[in-house]
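Engineer:
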Amino acid sequence: MVVVIGWINIGLIVIMGSIFPVKKTYLKKLKEEGKEKSKNWGKLYQFSRKAHPILGLVILTLGFYHGYQAFSLTVWHTGTLLLYTVFMMAVIALTGPRIKPFKKHWRTVHRNLGIVVYFLGVLHVFWRNAL
Ligand code: HEM
Ligand code: HEM
Numbered sequence: 836m837v838v839v840i841g842w843i844n845i846g847l848i849v850i851m852g853s854i855f856p857v858k859k860t861y862l863k864k865l866k867e868e869g870k871e872k873s874k875n876w877g878k879l880y881q882f883s884r885k886a887h888p889i890l891g892l893v894i895l896t897l898g899f900y901h902g903y904q905a906f907s908l909t910v911w912h913t914g915t916l917l918l919y920t921v922f923m924m925a926v927i928a929l930t931g932p933r934i935k936p937f938k939k940h941w942r943t944v945h946r947n948l949g950i951v952v953y954f955l956g957v958l959h960v961f962w963r964n965a966l
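Going by this note's numbering, the letters in the sequence shown line up with residues 836 to 966, in that order.
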């Protein structure tokens with residue numbers, strides 16, 4: 836069960852990252868082909884935007900459960916690093932738009948942490964005890 840939940844979470848993290856190519860494709864189509872032809876991509880992007888924070892909460896909940904069951908939430912481990920990086924992403928997304936000097940930059944930080952999360956995900960699956 837612990838391993839299955841871990842894999843479900845990896846799947847959800849991959850889906851989370853897909854918001855970026857969806858957004859890029861939509862904006863490109865909108866610019867090049869106009870509103871009508873980019874309509875379906877627009878709908879997909881709006882759907883992704885709505886689903887994204889909900890999925891984020893699911894990832895955190897499953898991640899805490901999985902980590903607690905598999906080992907511990909208070910150790911220096913590839914799993915805890917992965918989980919707390921996702922947690923930081925949530926904090927940045929929730930506070931960033933509300934803090935003035937951070938308004939313009941939170942997305943970049945959030946996006947780059949997404950790359951870190953992918954990297955830590957690979958590390959956790961293939962070299963779990965590397966740290
Ligand atoms: C865990 C909780 C998370 C929350 C609450 C959250 C929240 C958000 C929000 C509000 C946006 C802006 C969406 C928009 O209006 O376009 C966003 C964008 C994004 N998120 Fe997350 N996110 C979370 C986790 C993640 C994770 C785990 C990943 C990937 C591994 C990720 C990747 C991205 C990307 C690539 C964008 C697009 C940034 C851009 O517009 O340039 N997020 N997130
Ligand atoms: C979002 C966070 C996390 C994700 C996506 C995740 C993902 C996974 C995956 C996919 C596996 C199975 C790998 C395989 O088949 O070999 C796994 C196993 C494991 N994870 Fe995580 N994990 C997360 C958080 C944590 C945390 C916080 C810890 C605590 C230290 C942890 C500790 C472990 C351990 C000990 C195993 C081995 C379990 C076993 O073989 O019985 N993980 N994780």
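By construction, the Cβ of each residue, glycine as well, lies at the ideal position given by its N, Cα and C atoms.
1. Cβ atoms of residue 844 and residue 898: under 8 angstroms apart, would you say?
2. Using the rule of at least 16 other Cβ atoms within 10 Å of the residue's Cβ for burial, across every protein chain shown, is residue 873 buried or exposed?
3. For residue 924, does the three-state DSSP call read helix, strand or coil?
4. Within the stretch 884-946, note down every full beta strand (DSSP E) run reaching 3 residues or more, in order along the chain.
5. Please classify residue 930 as buried or exposed, where buried requires at least 16 other C-beta atoms within 10 Å of its C-beta.
6. Does residue 934 pass the burial test, meaning 16 or more other C-beta atoms within 10 Å, or should it be called exposed?
7. So residue 844 is in the alpha helix (DSSP H); what residue range does that whole segment cover?
8. Buried or exposed: where does residue 848 fall if 16 or more other Cβ atoms within 10 Å of its Cβ makes it buried?
9. Determine contact between the stretch 857-867 and the stretch 878-892, defined as no fewer than three beta-carbon pairs at a distance below 8 angstroms.
Structural biologist: With the given structure in hand:
1. Locating residue 898 in the sequence shown gives position 63, counting from the first residue. Locating residue 844 in the sequence shown gives position 9, counting from the first residue. Yes, the Cβ-Cβ distance between residue 898 and residue 844 is below 8 angstroms.
2. Reading the sequence shown from its first residue, position 38 is the one you call residue 873. So residue 873 ends up on the buried side.
3. Numbered from 1 along the sequence shown, position 89 holds the residue referred to as residue 924. Three-state DSSP puts residue 924 in a helix.
4. none
5. Within the sequence shown, numbered from 1, the residue matching residue 930 stands at position 95. Result: exposed.
6. In the sequence shown, the residue the question calls residue 934 occupies position 99. Residue 934 comes out exposed.
7. In the sequence shown, the residue the question calls residue 844 occupies position 9. That run of the alpha helix (DSSP H) goes 837-852.
8. Mapped onto the sequence shown, residue 848 falls at position 13. Classification of residue 848: buried, given that the 10 Å Cβ count is 16 or more.
9. Yes, they touch.
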